[in-house]
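Here's the structure, in C-alpha cells; my notes come after.
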Ligand SMILES: [Zn+2]
C-alpha cells in the first residue's frame, strides 16, 4: 500500500515534502517544507512585493499575506495596539504569544501588533483587511476611522509605506 501523502490520519509520521520523520500529528518538518510541497504540486506564487510566503491556501496558492489574493491588494502594513493593557490583554499575550507574566505593558502591546493587507489608500484614508474584516484609517494620523472589529483609540496604523523587508507575521 502506498504511503499516504499526508499524515492527517495519524499513521504517517514523515514529512510530505522531504520525507524526514515528523511528529505524526504534523504534515511537514517546518514552514519551508510546506511551501516546498506547494511549489512541487505546481502551486502559484502570488507575492507582488517579493516578500516571503506567509500563507498557503488549500489549492496551493502561496501568498505573502493571507489577503494577498484580494483584487486590489497592495502590500502588508503594520497595525499597533495602543490601548490599555488590562488583565485580558495580559492573558492573551501570555497564552497566545508566549509572553511571561512579568512582561511590561509595552511588551504586551508589541506582541499584539497585527499585519494587515493594504487594499486601498488615497491622501485621506487607507483601507486594510485582516481576518476577513475591514478597517478604515486616517492616513495622516494613523487613527482608526471605521471598523467593526477594532476599537477606536485602541489601534493605530503605523504607516502605509511599502515594506522593503518582510514584516513579522502577526
Ligand atoms: Zn520536510
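Numbering (the numbering used here), first residue to last: 9 to 178.
By construction, the Cβ of each residue, glycine as well, lies at the ideal position given by its N, Cα and C atoms.
Please classify residue i: does DSSP put it in a helix, a strand, or coil?
i: residue 104; result: helix
i: residue 28; result: coil
i: residue 39; result: helix
i: residue 82; result: coil
i: residue 141; result: strand
i: residue 159; result: coil
i: residue 146; result: strand
i: residue 153; result: strand
Kindly list the residues whose CB is nearer than 8 Å to the CB of residue i, restricted to its own chain and excluding five residues on each side of it in sequence; keep chain order.
i: residue 113; result: 93
i: residue 71; result: 54, 55, 61, 62, 63, 64, 65 and 77
i: residue 10; result: Low confidence applies here, because residue 10 scores a pLDDT of 41, under 50, leaving its location unreliable; read the following figure in that light. Closer than 8 Å at the Cβ level, and outside the excluded window around residue 10, lies no residue.
i: residue 115; result: 101 and 107
Should residue i be labelled buried (16 or more other beta-carbon atoms within 10 Å of its own) or exposed?
i: residue 131; result: exposed
i: residue 134; result: buried
i: residue 150; result: buried
i: residue 37; result: buried
i: residue 42; result: buried
i: residue 160; result: exposed
i: residue 49; result: exposed
Return the bridge partner residues of residue i from the DSSP annotation.
i: residue 120; result: Bridge partners of residue 120: none, in fact.
i: residue 125; result: 84 and 137
i: residue 63; result: 71
i: residue 164; result: 88 and 151
Closer than 7 Å by C-beta to residue i: which residues in its own chain qualify, once you throw out the five before and the five after it? Chain order, please.
i: residue 29; result: 21 and 22
i: residue 31; result: none
i: residue 182; result: Coverage of the chain is limited to positions 9 through 178, which leaves residue 182 absent and any answer about it impossible.
i: residue 153; result: 133, 144, 145 and 146
What does a CB cutoff of less than 6 Å around residue i pick up in its chain, not counting 5 residues either side in sequence?
i: residue 91; result: 162
Three or more beta-carbon pairs under 8 Å between the segment 163-173 and the segment 75-89, yes or no? Cβ pair count under 8 Å is three or more, so yes.
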